[in-house]
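First residue of the sequence shown: 2, per this note's numbering; consecutive thereafter. For glycine and all other residues, C-beta sits at the position ideal for the given N, C-alpha and C. Worksheet: the structure to be examined is printed underneath.
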Amino acid sequence: MSIITVQLGQCGNQIGHEVFNAISSDIHGTHGLCSKKENESYRDACKERFFCEEESEVPVARAVLVDMEPKVISQTLSVAARSGYWKYGDGSHFCQKQGSGNNWANGYSVHGPRHKEVIMNLVQKEAEKCDRLGGFFTIMSMAGGTGSGLGAFVTQCLRDAFPASFILNHVIWPYGTGEVIVQNYNSVLTLSHLYQSSDALLVHENDVIHKICAQLMNIKQISFRDVNRVIAHQLGSVFQPTRTAEGGSAYSRNPLGDLMETLVPHPEFKMLGLRNIPQMPENSLAYSTFSWPGLIKHLRQMLIANAKMEEGIDWQVQPPRLGCSIPSSHSTNKPLHFNASIANLVVLRGKDAHSVDLGSFRDPSLYTSWLNPQDAFNAWKTPRAFNKYEKSASLVSNSQFLLKPLDNVVGKAWNMFASKAYIHQYTKFGIEEEDFLDSFTALEQVISSYAIL
2 MSIITVQLGQ
12 CGNQIGHEVF
22 NAISSDIHGT
32 HGLCSKKENE
42 SYRDACKERF
52 FCEEESEVPV
62 ARAVLVDMEP
72 KVISQTLSVA
82 ARSGYWKYGD
92 GSHFCQKQGS
102 GNNWANGYSV
112 HGPRHKEVIM
122 NLVQKEAEKC
132 DRLGGFFTIM
142 SMAGGTGSGL
152 GAFVTQCLRD
162 AFPASFILNH
172 VIWPYGTGEV
182 IVQNYNSVLT
192 LSHLYQSSDA
202 LLVHENDVIH
212 KICAQLMNIK
222 QISFRDVNRV
232 IAHQLGSVFQ
242 PTRTAEGGSA
252 YSRNPLGDLM
262 ETLVPHPEFK
272 MLGLRNIPQM
282 PENSLAYSTF
292 SWPGLIKHLR
302 QMLIANAKME
312 EGIDWQVQPP
322 RLGCSIPSSH
332 STNKPLHFNA
342 SIANLVVLRG
352 KDAHSVDLGS
362 FRDPSLYTSW
372 LNPQDAFNAW
382 KTPRAFNKYE
392 KSASLVSNSQ
402 FLLKPLDNVV
412 GKAWNMFASK
422 AYIHQYTKFG
432 IEEEDFLDSF
442 TALEQVISSY
452 AIL
């Protein structure tokens with residue numbers, strides 16, 4: 002089944018481009034480390050998922066690009082075309098000249114309704130090219146105006162136009178120190194609106210990815226491109242073809258549907274975090290060897306201790322023993338130690354992936370009591386290696402990963418709102434104080450639901 006990627010705003014378009022790059026280089030790489038037959042079925046599954054073949058024989062990305070400024074889209078289109086491996090479709094983008102001025106209300110209330118018809122026509126055209134539409138993958142930032150405001154509006158339009166399709170929003174969490182003075186307002190409004198229309202939100206935090214670039218990839222002068230490449234690698238490690246437990250020897254048909262079924266058992270819990278190991282500079286790979294037990298042990302501890310990467314994991318944190326009451330430190334204002342999960346998915350790629358013992362992830366003490374641990378954990382596997390890594394493991398988790406960052410953003414936004422700072426910038430575009438209050442209420446509910454897991 003095919004996935005249509007909707008790239009929104011500067012951030013969404015730059016990351017989307019890197020995602021297609023990572024997927025394309027993975028298809029063309031000679032590093033599959035598996036049989037020829039395996040490699041061919043993997044490539045076919047991937048191409049159907051992300052590209053459509055045209056007469057030119059250069060695969061065309063199944064994507065719609067939207068921005069309110071032309072610069073990033075024109076760069077993205079030309080760089081993709083020059084690669085020679087893939088390109089964007091000729092009529093698959095829409096841009097304007099004026100931007101959204103980092104104002105969520107401008108993107109949501111002005112640009113959204115004004116350009117709805119054109120944008121949705123582009124999406125419809127892409128959908129008609131798919132033999133079987135699996136769903137939509139939107140990529141956007143929460144901090145600015147276009148990605149967040151217009152992104153929330155377009156997500157609602159997708160839900161109305163394609164009620165039966167899956168929608169996964171990939172959201173970039175802004176740097177804590179801040180790029181935009183009103184980023185916390187924009188974030189609160191984005192998250193609360195996406196929560197209503199999306200099936201799940203897959204979140205990457207800029208601060209975390211920046212740390213990975215510095216500490217694991219050893220990059221001295223970190224650019225947005227470096228950050229975006231790490232994000233793209235992590236996304237590819239989940240969405241490239243794999244086999245699910247039920248699927249037997251065939252590659253999974255619909256990764257978005259499988260992901261939702263596996264990880265989102267209740268509409269109150271839609272926040273997904275992603276971890277991927279190992280991650281290192283390409284020139285170090287030749288000197289590194291990894292064992293599956295070692296990777297699994299690290300990944301499990303990263304889950305339990307809410308570690309962002311495999312360096313600096315707190316090995317002291319252990320799940321509570323079943324039957325013990327959970328200490329009262331499980332409120333959002335005290336440090337959270339153990340990270341409780343609703344559901345987890347582990348994706349393994351590489352040699353002998355099918356024989357890996359994942360019993361440690363089935364431990365009932367990792368999960369909330371209202372779900373059977375057998376239903377709460379799933380694994381996808383393939384013997385084909387991914388992007389030069391002989392063995393790699395990814396974890397997509399619906400857990401308390403994002404509880405603290407969410408609590409921080411809502412707290413900062415509320416402090417600004419309480420003193421009425423910058424509210425007039427939103428009311429002039431029709432977003433009233435009641436809309437803010439509704440958003441705060443919705444997110445407080447999400448925070449309290451995750452906090453009592």
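- Looking at the DSSP output, Q8 shares a beta bridge with L66, I140.
- Per DSSP, the continuous beta strand (DSSP E) segment holding M272 begins and ends at 272 to 278.
- Using a Cβ-Cβ distance cut-off of 8 Å, the segment 380 to 395 and the segment 287 to 304 are in contact, since at least three pairs of beta carbons, one from each stretch, lie closer than that value.
- When C-alpha distances from H355 are compared across H29, V67, N170, C35, the shortest belongs to C35.
- Distance between L404 and F95, taken at the CA atoms: about 35 Å.
- By the Cβ test, the segment 227 to 236 is not in contact with the segment 356 to 368, since fewer than three Cβ pairs between them sit closer than 8 Å.
- Around the beta carbon of Y423, a 10 Å sphere encloses fewer than 16 other beta carbons of the protein chains shown; the residue is thus reported as exposed.
- Between the beta-carbon of G92 and that of G146 there is about 25 Å, and that puts the pair past the 8 Å contact cut.
- Counted as a single uninterrupted DSSP element, the beta strand (DSSP E) harbouring C96 occupies residues 94 to 96.
- Secondary-structure assignment with DSSP links T383 through a beta bridge to R350.
- Separation of the CB atoms of Q241 and D27 is rounded to 6 Å, and the pair is thereby assigned contact status at 8 Å.
- Residue pairing by DSSP places I173 opposite S142, H205 in a beta bridge.
- For I453, the three-state secondary structure derived from DSSP is coil.
- Counting every other CB atom within 10 Å of its CB across the protein chains shown gives Q8 a total of 16 or more, marking it as buried.
- In the three-state reduction of the DSSP assignment, C131 falls in the coil class, being assigned neither a helical nor a strand state.
- In this structure, the straight-line span from the alpha carbon of Y252 to that of G412 is close to 44 Å.
- The continuous beta strand (DSSP E) containing L396 extends over residues 392 to 400.
- By the C-beta criterion, the segment 81 to 91 is judged not to be in contact with the segment 141 to 157, since fewer than 3 inter-stretch pairs fall below 8 Å.
- Secondary structure at C53: strand, using DSSP grouped into helix, strand and coil.
- Inclusion of L151 and G113 in the CB contact set at 7 Å is warranted, their separation being smaller than that value.
- In this structure, N379 and T263 form a Cβ contact; the two beta carbons are roughly 4 Å apart against a cut-off of 8 Å.
- Taking one beta carbon from each stretch, the segment 112 to 126 and the segment 212 to 223 have fewer than 3 pairs nearer than 8 Å; the two do not touch.
- S198 is not a Cβ neighbour of R244, given a cutoff of 7 Å.
- Taking the Cβ atoms as the reference, L169 lies roughly 6 Å from L203, within the contact range of under 8 Å.
- Under the Cβ criterion (8 Å, minimum of three pairs), the segment 8 to 26 does not count as touching the segment 182 to 190.
- Counting every other CB atom within 10 Å of its CB across the protein chains shown gives V397 a total of 16 or more, marking it as buried.
- Annotated as distal: I140 and G295, with beta-carbon spacing of 7 Å or more.
- In this structure, the alpha-carbon of F52 lies about 12 Å from that of L134.
- Counting along the chain, P321 sits inside no alpha helix (DSSP H), nor does DSSP assign it H or E at all.
- Leaving aside the five residues that flank I210 on each side, the residues in its chain whose CB is nearer than 7 Å to its CB run, in chain order, V228, V231, I232.
- Secondary structure at I314: coil, using DSSP grouped into helix, strand and coil.
- Around the beta carbon of N207, a 10 Å sphere encloses 16 or more other beta carbons of the protein chains shown; the residue is thus reported as buried.
- Per DSSP, the unbroken alpha helix (DSSP H) holding C158 starts and ends at 152 to 162.
- Q426 and K271 have their C-alpha atoms spaced approximately 30 Å apart.
- By alpha-carbon distance to A246, the top candidate from L349, A162, R322 is L349.
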